[in-house]
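K.L.:
Just passing along the structure, written as C-alpha cells.
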Amino acid sequence: MAKIIVSFNGLVQQELTFNKSRLSIGRRPTNDLVIDHLTVSGQHAAIDTSGSGCFIVDLGSTNGTMVNGQPVKKHLLQHDDVISIGKYQLRFLLESAAAPKPAAPSAPVAAAPSTVIAKIKVLSGANAGRELILSKPVTTMGSPGVQVVAITRQGQHYLLAQVEGASLPTVNGKNIGTQAHILADGDVITLAGTQMLFTLGGA
Numbered sequence: 143m144a145k146i147i148v149s150f151n152g153l154v155q156q157e158l159t160f161n162k163s164r165l166s167i168g169r170r171p172t173n174d175l176v177i178d179h180l181t182v183s184g185q186h187a188a189i190d191t192s193g194s195g196c197f198i199v200d201l202g203s204t205n206g207t208m209v210n211g212q213p214v215k216k217h218l219l220q221h222d223d224v225i226s227i228g229k230y231q232l233r234f235l236l237e238s239a240a241a242p243k244p245a246a247p248s249a250p251v252a253a254a255p256s257t258v259i260a261k262i263k264v265l266s267g268a269n270a271g272r273e274l275i276l277s278k279p280v281t282t283m284g285s286p287g288v289q290v291v292a293i294t295r296q297g298q299h300y301l302l303a304q305v306e307g308a309s310l311p312t313v314n315g316k317n318i319g320t321q322a323h324i325l326a327d328g329d330v331i332t333l334a335g336t337q338m339l340f341t342l343g344g345a
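Sequential numbering of the sequence shown, starting at 143, is according to this note's numbering.
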C-alpha cells in the first residue's frame, strides 16, 4: 500500500492512500487523484503498480512530470520521492517502508530462519570488482535513457525487471522478457554490455 501527500506552495492540500494497480492523476474529474489547476493536463500521469514496484508514467502531458527535480517519462518510485506535476508536489510514501512493528516475544525455537543477504558483483567494465549489497526493498541499476533495471526483494526472493531501455537484460545469456524474473544464486546478469554476478548468502 502507498500514500500520496499533495502539496501546493509548501501547504498540504490532501492525502490519498491507495493499493490499486493504476492511480490516474489529472485535471479531469474522472481521475483517481484530481488536481484542478491549469498547469495540470486533463490526463497528466498515472502510478502503475506491479510486482516490480510502483512506476510514475507521464501520459503525454503538456508540462511534463518530474521526480526529485528530474523530468521523467516512466520512473520507478522510491519511498519519499517527490513528484512534480504542474505547480503541485506529490510526496510518494510506501507504507511498507515505515518502521515495522517489533515481533511479540515468543518461546525460543530450535533455529530461527537465516536472513537472506543478496549481493551484486560487477564482473566487467570500468567498475569491475565493485560489490553492491541489495539491502533496499527495491534497487535500481543502469544508465537512465539507455537501460535501467530494478531488483525487488519479495520475502526470500529477488526479482529482476526491466524499467527502461530498448533492449532487455539477460540472465545467464537468456533474455528475461517483459515479466519479472526470479534470480538464483550464481546468476550472471548482463545489463547494457556489463556483466554482474548475483549471489545469495545467509546473514
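No residue lacks a Cβ here, since even glycine has one placed at the ideal position from N, Cα and C.
Less than 9 Å separating the beta-carbons of S163 and V182?
P.N.:
For the purposes of this step, residue 163 is taken as the residue at position 21 of the sequence shown. For the purposes of this step, residue 182 is taken as the residue at position 40 of the sequence shown. Contact flag unset, no.
K.L.:
Considering just the uninterrupted stretch of the beta strand (DSSP E) at A303, what are its terminal residues?
P.N.:
For this step, residue 303 is matched to residue 161 along the sequence shown. From DSSP, the beta strand (DSSP E) with A303 extends over 299-307.
K.L.:
Is E306 closer than 9 Å to K216 when the C-beta atoms are compared?
P.N.:
Taking the first residue of the sequence shown as 1, we reach residue 216 at position 74. Taking the first residue of the sequence shown as 1, we reach residue 306 at position 164. Yes, these two residues count as a Cβ contact at 9 Å.
K.L.:
What are the residues that DSSP puts in a beta bridge with I324?
P.N.:
As a working note, residue 324 is residue 182 in the sequence shown. According to DSSP, which records beta bridges pairwise, I324 is partnered with L301.
K.L.:
Just how far apart, CA to CA, sit Q212 and Q220?
P.N.:
Taking the sequence shown and counting its residues from 1, one reaches residue 212 at position 70. Taking the sequence shown and counting its residues from 1, one reaches residue 220 at position 78. Whole-angstrom Cα-Cα distance: 14 Å.
K.L.:
Using the rule of at least 16 other Cβ atoms within 10 Å of the residue's Cβ for burial, across every protein chain shown, is V291 buried or exposed?
P.N.:
As a first step, residue 291 is located in the sequence shown; it is residue number 149 there, counting from the start. So V291 counts as buried.
K.L.:
Using only CA atoms, which one of G328, T332, Q155, Q296 lies nearest to G343?
P.N.:
In the sequence shown, residue 343 corresponds to position 201, counting from 1. For the residues G328, T332, Q155, Q296, the minimum Cα distance to G343 belongs to G328.
K.L.:
Are L175 and S194 touching if we call contact CB-CB under 9 Å?
P.N.:
For this step, residue 175 is matched to residue 33 along the sequence shown. For this step, residue 194 is matched to residue 52 along the sequence shown. No. Outside cutoff.
K.L.:
Taking only the alpha-carbon atoms, compute the straight-line gap between L180 and L153 and give it to the nearest angstrom.
P.N.:
Taking the first residue of the sequence shown as 1, we reach residue 180 at position 38. Taking the first residue of the sequence shown as 1, we reach residue 153 at position 11. Taking the straight line joining both Cα atoms gives about 18 Å.
K.L.:
Cα-Cα, which of P279, T336, I198, L165 is closest to Q298?
P.N.:
To locate residue 298, count along the sequence shown from 1; it is residue 156. Nearest option by C-alpha distance: P279.
K.L.:
What are the partner residues of H217, as DSSP defines its beta bridges?
P.N.:
The residue given as residue 217 occupies position 75 in the sequence shown. Its beta-bridge partners are I198.
K.L.:
R295: which of T312, L310, Q289, L276 sits nearest, CA to CA?
P.N.:
Position 153 of the sequence shown, counting from 1, holds the residue named residue 295. Comparing Cα-Cα distances from R295 to each of T312, L310, Q289, L276, the minimum goes to L276.
K.L.:
For the putative contact between L302 and V313, defined by C-beta atoms under 8 Å, what is the C-beta separation to the nearest angstrom?
P.N.:
In the sequence shown, counting from the first residue as 1, residue 302 sits at position 160. In the sequence shown, counting from the first residue as 1, residue 313 sits at position 171. That pair is a contact at about 7 Å.
K.L.:
Just the C-alpha distance for A334 and L310, rounded to the nearest angstrom, thanks.
P.N.:
Counting from one through the sequence shown, the residue named residue 334 turns up at place 192. Counting from one through the sequence shown, the residue named residue 310 turns up at place 168. One C-alpha to the other measures close to 9 Å.
K.L.:
Residue range of the beta strand (DSSP E) that G168 falls in?
P.N.:
Reading the sequence shown from its first residue, position 26 is the one you call residue 168. Per DSSP, G168 belongs to the beta strand (DSSP E) from 164-168.
K.L.:
Do F150 and Q231 come within 9 Å of each other at the CB atom, strictly closer than that value?
P.N.:
Mapped onto the sequence shown, residue 231 falls at position 89. Mapped onto the sequence shown, residue 150 falls at position 8. Yes, Cβ-Cβ distance for Q231 and F150 is below 9 Å.
K.L.:
Rounding to the nearest angstrom, what Cα-Cα distance links A144 and P171 in this structure?
P.N.:
The residue given as residue 144 occupies position 2 in the sequence shown. The residue given as residue 171 occupies position 29 in the sequence shown. In a straight line, the C-alpha of A144 is about 22 Å away from that of P171.
K.L.:
Out of curiosity, what's the CA-to-CA distance linking I227 and N205?
P.N.:
Indexing the sequence shown from 1 puts residue 227 at position 85. Indexing the sequence shown from 1 puts residue 205 at position 63. Taking the straight line from one Cα to the other gives about 8 Å.
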